[in-house]
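S.K.:
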Amino acid sequence: MPYRAVKGMSDILPEQAWRWQRLESVFRQVAGLYGFQEIRSPIVEPTDLFVRSIGEQTDVVEKEMYTFVRHDESLALRPEGTAGVARAYVEHALHTKEPISRLYYLGPMFRAERPQRGRYRQFHQAGCEVYGDPGPVVDAEVIALVMDFFGRLGLPPVTLRINSLGGSETRERYRAALLSYFTPVASKLSEHAQARLGANPLRILDSKDPRDQEVAAGAPSVLDLLTESDRAHYQGLLGALDALGLSYSVDPRLVRGLDYYNRTLFEINLPSSELGAQNAVAGGGRYDSMVHELGGPNVPAIGFALGIERVLLSLPDVPQPPSAFCYICPLGAEPIRMALGWARELRARNVRAEIDGRGASLKSQLRRANALGARWAVVLGDAELETGQATVKDLSAHTQRNVPFDALLGELCTASRTLAESETLS
Ligand code: HAM
130 MPYRAVKGMS
140 DILPEQAWRW
150 QRLESVFRQV
160 AGLYGFQEIR
170 SPIVEPTDLF
180 VRSIGEQTDV
190 VEKEMYTFVR
200 HDESLALRPE
210 GTAGVARAYV
220 EHALHTKEPI
230 SRLYYLGPMF
240 RAERPQRGRY
250 RQFHQAGCEV
260 YGDPGPVVDA
270 EVIALVMDFF
280 GRLGLPPVTL
290 RINSLGGSET
300 RERYRAALLS
310 YFTPVASKLS
320 EHAQARLGAN
330 PLRILDSKDP
340 RDQEVAAGAP
350 SVLDLLTESD
360 RAHYQGLLGA
370 LDALGLSYSV
380 DPRLVRGLDY
390 YNRTLFEINL
400 PSSELGAQNA
410 VAGGGRYDSM
420 VHELGGPNVP
430 AIGFALGIER
440 VLLSLPDVPQ
450 PPSAFCYICP
460 LGAEPIRMAL
470 GWARELRARN
480 VRAEIDGRGA
490 SLKSQLRRAN
500 ALGARWAVVL
510 GDAELETGQA
520 TVKDLSAHTQ
530 RNVPFDALLG
540 ELCTASRTLA
550 ESETLS
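FYI, my numbering numbers position 388 of the sequence shown as 517, with every residue one higher than the one before it.
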């Protein structure tokens, strides 16, 4: 039985990898325009870091973490990026180096979920985190960043949902309100929701179980319970979103699956896509107490992450645009020696060049040049050696010319540059 990739984890083959590279480069570009710098944190962290920050009673911590013990230490593959970045922020005391840190990251995350289209066990996120700015203006800017990124990438229209969970006082009020709402109707809830009711009634709002959803539909709204300062923050966020011209809907039932959030919360969905139930392409919010809880100073934070696979599934599957390149077809030992030097020189001048060193017939070499999509085939055989002129075939125009050896590389460089420029303009 041949080996297969682990269930829920995928190979990214070259025909797809270029789409990943494009997405990553657009993400880096947009994050850079907003003043974010890259941070790379390890894929493995102490299990306890995730338990403390994400919350013991979340699906992620309860049942989705890949955890293992090494040298008496319990470690976990990161299920998300925020906790590790916050850990790094505290460990390196970044607050002493700059009052506000704007960090972005890209990389694999791991959750032992039931795999389906758009939901994997190894998946990839691109995310941003801001430390040291209490908002609400920056909250709106972080949201604008994701929207700009989706726009630049060409994602179909998305919907943006906003909520505010308030700070600890609001949360306490809301918890109490939910408890008194759910407790008398507890028997109508799923067993799982009943078990969570006392510890974390907010989670019930997030449940996918139809029994819970029916009861939760009438639950009180957190927005009616915001304290004065939480309300001011929330209004400030809406004002900044309006100033940015972003359209959104307010969803007071939005809670999300991680426990660290307070105040601003948002999720971005692609409603009319093939993603079905997995149509959340990005989500995030404020998590003002995490840095302090991880042993750092009292520094507020906000961020988001987007699911790269889900975004790619939602983009049209266009073939990779061809890049103009030269395929050098040498016929014989001496031509191969000369072609090796030419190919290397072309690459040094930033022209993609490939050489056919198989010693195959011209017909076979030209077949390969065409199959690879080369723009020019440079033929070098006995006749060319004799005249000191290479045969340059333009495989797209179906023309050919003889070019003296000493002019060859210069001409190929110019032709390839002209073509690249005309492609950029079109
Ligand atoms: P999250 O909502 O758990 O938030 O994940 C963010 C995005 O990752 C989701 O919207 C989805 O697109 C993608 N995603 C999550 N799980 C999977 C999966 N199993 N397969 C494929 N894609 C998936 C976070 O992770 C937070 N750390 C976001 C954040 C950053 N909040 C503040 N800062």
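Quick reminder that beta carbons are idealized off the backbone N, C-alpha and C, glycines included.
Give me the Cα-Cα distance between LEU394 and LEU441, rounded to the nearest whole angstrom.
M.R.: Counting from one through the sequence shown, the residue named residue 394 turns up at place 265. Counting from one through the sequence shown, the residue named residue 441 turns up at place 312. Each residue's Cα considered, the two are about 24 Å apart.
S.K.: Would you kindly check if the distance between the Cβ of LEU232 and the Cβ of PHE165 is under 8 Å?
M.R.: Here residue 165 refers to the residue found at position 36 when the sequence shown is read from its first residue. Here residue 232 refers to the residue found at position 103 when the sequence shown is read from its first residue. Their beta carbons are under 8 Å apart, which means PHE165 touches LEU232 by this criterion.
S.K.: For GLN254, is the beta carbon positioned less than 7 Å from some heavy atom of the ligand HAM?
M.R.: Along the sequence shown, read from residue 1 onward, the residue named residue 254 stands at position 125. Indeed, a heavy atom of the ligand HAM lies less than 7 Å from the Cβ.
S.K.: Tell me the DSSP secondary structure of ASN408 in three-state form.
M.R.: For the purposes of this step, residue 408 is identified with residue 279 of the sequence shown, where counting begins at 1. DSSP places ASN408 in coil when its eight states are reduced to three.
S.K.: According to the neighbour-count rule (16 or more other Cβ atoms, all chains shown, within 10 Å of its Cβ), is GLU144 buried or exposed?
M.R.: Stepping through the sequence shown from its first residue, residue 144 is reached at position 15. GLU144 is exposed by the Cβ-count criterion.
S.K.: Could you check the C-alpha separation between ASN150 and GLU298 for me, to the nearest Å?
M.R.: Here the question's residue 150 lines up with position 21 in the sequence shown. Here the question's residue 298 lines up with position 169 in the sequence shown. Reading off the sequence shown, one finds Gln at residue 150, where the question assumed Asn. Distance between the alpha carbons of GLN150 and GLU298 is about 44 Å.
S.K.: My output table needs one value for PRO459: the three-state DSSP class, helix, strand or coil.
M.R.: Taking the first residue of the sequence shown as position 1, residue 459 is located at position 330. Three-state result, PRO459: strand.
S.K.: Does TYR260 come out as helix, strand or coil in the three-state DSSP assignment?
M.R.: Walking along the sequence shown from the start, residue 260 turns up at place 131. DSSP places TYR260 in strand when its eight states are reduced to three.
S.K.: Count the CB pairs spanning the segment 285-293 and the segment 418-426 that are closer than 8 Å, and state whether there are at least three.
M.R.: Taking 8 Å as the limit for Cβ pairs, the verdict is that the segment 418-426 does not touch the segment 285-293.
S.K.: Compute the beta-carbon to beta-carbon distance between GLY432 and VAL271, rounded to the nearest angstrom, for a pair I have assumed lies under 8 Å.
M.R.: Reading the sequence shown from its first residue, position 303 is the one you call residue 432. Reading the sequence shown from its first residue, position 142 is the one you call residue 271. Going by Cβ atoms, the distance from GLY432 to VAL271 rounds to 7 Å, so yes, they are a contact pair.
S.K.: Between the segment 173-184 and the segment 208-218, are three or more C-beta pairs nearer than 8 Å?
M.R.: Result yes; three or more Cβ-Cβ pairs closer than 8 Å.
S.K.: For GLY412, verify whether its CB is less than 7 Å away from any heavy atom of the ligand HAM.
M.R.: Mapped onto the sequence shown, residue 412 falls at position 283. At least one heavy atom of the ligand HAM is nearer than 7 Å to the Cβ of GLY412, so yes.
S.K.: Assign ASP523 to one of three DSSP states: helix, strand, or coil.
M.R.: Along the sequence shown, one-based indexing puts residue 523 at 394. Strand.
S.K.: Would you call GLY161 buried or exposed, if buried means 16 or more other Cβ atoms sit within 10 Å of its Cβ?
M.R.: Counting from 1 along the sequence shown, the entry for residue 161 is found at position 32. With fewer than 16 other Cβ atoms within 10 Å, it is exposed.
S.K.: Identify the residues that DSSP records as bridge partners of HIS421: which are they?
M.R.: What you label residue 421 is simply residue 292 of the sequence shown in a count that begins at 1. For HIS421, which the question treats as bridged, DSSP gives no partner whatsoever.
S.K.: Closer than 8 Å is the cut-off here; do at least three beta carbon pairs connect the segment 466-480 with the segment 266-282?
M.R.: In short, these stretches do not touch, since the Cβ pair count stays below three.
S.K.: For PRO381, which of VAL428, ASP446 and LEU352 has the nearest alpha-carbon?
M.R.: As a position in the sequence shown, residue 381 is number 252, starting the count at 1. The option with the nearest alpha carbon to PRO381 is LEU352.
S.K.: The ligand HAM and GLY433: does any heavy atom of the ligand fall closer than 7 Å to the residue's C-beta?
M.R.: On the sequence shown, residue 433 is found 304 positions in, with the first residue counted as 1. The amino acid occupying residue 433 in the given sequence is Phe; Gly does not appear at that position. True, at least one ligand heavy atom lies under 7 Å from that Cβ.
S.K.: Does DSSP put LEU326 in a helix, a strand or coil?
M.R.: On the sequence shown, residue 326 is found 197 positions in, with the first residue counted as 1. Coil, per DSSP.
S.K.: Say the cut is 7 Å; is the CB of ARG563 nearer than that to a heavy atom of the ligand HAM?
M.R.: An answer regarding residue 563 cannot be provided, because it is not within the stretch 130 to 555 covered by the chain.
S.K.: Is GLU191 near the ligand HAM, in the sense that its beta carbon is under 7 Å from a heavy atom of that ligand?
M.R.: Mapped onto the sequence shown, residue 191 falls at position 62. No, the ligand HAM has no heavy atom inside 7 Å of this Cβ.
S.K.: Assuming LEU284 and SER545 are in contact, meaning their beta carbons sit under 8 Å apart, how far apart are those beta carbons, in whole angstroms?
M.R.: Residue numbering aside, residue 284 sits at position 155 when the sequence shown is read from its first letter. Residue numbering aside, residue 545 sits at position 416 when the sequence shown is read from its first letter. So it is not a contact: roughly 32 Å between Cβ atoms.
S.K.: Across which residues does DSSP place PHE239 in a beta bridge pair?
M.R.: Position 110 of the sequence shown, counting from 1, holds the residue named residue 239. GLN251, per the DSSP bridge assignment.
S.K.: Mind checking LEU501: buried by the 16 CB within 10 Å criterion, or exposed?
M.R.: Along the sequence shown, read from residue 1 onward, the residue named residue 501 stands at position 372. Exposed, since its Cβ has fewer than 16 Cβ neighbours within 10 Å.
S.K.: Quick check: is any heavy atom of the ligand HAM less than 7 Å from the C-beta of TYR249?
M.R.: Looking up residue 249 in the sequence shown gives position 120. True, at least one ligand heavy atom lies under 7 Å from that Cβ.
S.K.: Note down the Cα distance separating ILE172 from TYR416, rounded to an integer number of angstroms.
M.R.: Within the sequence shown, numbered from 1, the residue matching residue 172 stands at position 43. Within the sequence shown, numbered from 1, the residue matching residue 416 stands at position 287. Each residue's Cα considered, the two are about 21 Å apart.
S.K.: The alpha helix (DSSP H) spanning SER154 covers which residue range?
M.R.: Position 25 of the sequence shown, counting from 1, holds the residue named residue 154. SER154 -> alpha helix (DSSP H) spans 143-162.
S.K.: What do you reckon, is the C-beta of GLU202 under 7 Å from a heavy atom of the ligand HAM?
M.R.: Along the sequence shown, one-based indexing puts residue 202 at 73. No; taking the cut-off as 7 Å, the Cβ of GLU202 has no heavy atom of the ligand HAM nearer than that.
S.K.: What span of residues does the alpha helix (DSSP H) with THR187 cover, start to end?
M.R.: To locate residue 187, count along the sequence shown from 1; it is residue 58. That residue, THR187, is in no alpha helix (DSSP H); it is neither H nor E in DSSP.
S.K.: For the candidate residues ASP335, TYR363, SER490 and PHE454, whose alpha-carbon lies nearest to that of LEU460?
M.R.: Stepping through the sequence shown from its first residue, residue 460 is reached at position 331. Of the listed residues, the one whose Cα sits closest to LEU460 is SER490.
S.K.: Compute the beta-carbon to beta-carbon distance between ARG504 and ALA453, rounded to the nearest angstrom, for a pair I have assumed lies under 8 Å.
M.R.: Along the sequence shown, read from residue 1 onward, the residue named residue 504 stands at position 375. Along the sequence shown, read from residue 1 onward, the residue named residue 453 stands at position 324. About 4 Å; that satisfies the 8 Å criterion.
S.K.: Can you tell which of ASP341, SER551, GLY247 and HIS200 has the C-alpha that lies nearest to the C-alpha of SER139?
M.R.: In the sequence shown, the residue the question calls residue 139 occupies position 10. Per the Cα distances, GLY247.
S.K.: Could you please give me the residues that DSSP links to GLN518 through a beta bridge?
M.R.: Along the sequence shown, read from residue 1 onward, the residue named residue 518 stands at position 389. Beta-bridge pairing links GLN518 to PRO533.
S.K.: VAL344: which of LEU331, ALA369, ILE465 and GLU550 sits nearest, CA to CA?
M.R.: As a first step, residue 344 is located in the sequence shown; it is residue number 215 there, counting from the start. Among LEU331, ALA369, ILE465 and GLU550, the Cα nearest to that of VAL344 is on LEU331.
S.K.: Should PHE239 be labelled buried (16 or more other beta-carbon atoms within 10 Å of its own) or exposed?
M.R.: Counting from 1 along the sequence shown, the entry for residue 239 is found at position 110. PHE239 is buried by the Cβ-count criterion.
S.K.: Which of the three DSSP states is assigned to THR543 in this structure?
M.R.: Taking the first residue of the sequence shown as 1, we reach residue 543 at position 414. Correct three-state label for THR543: helix.
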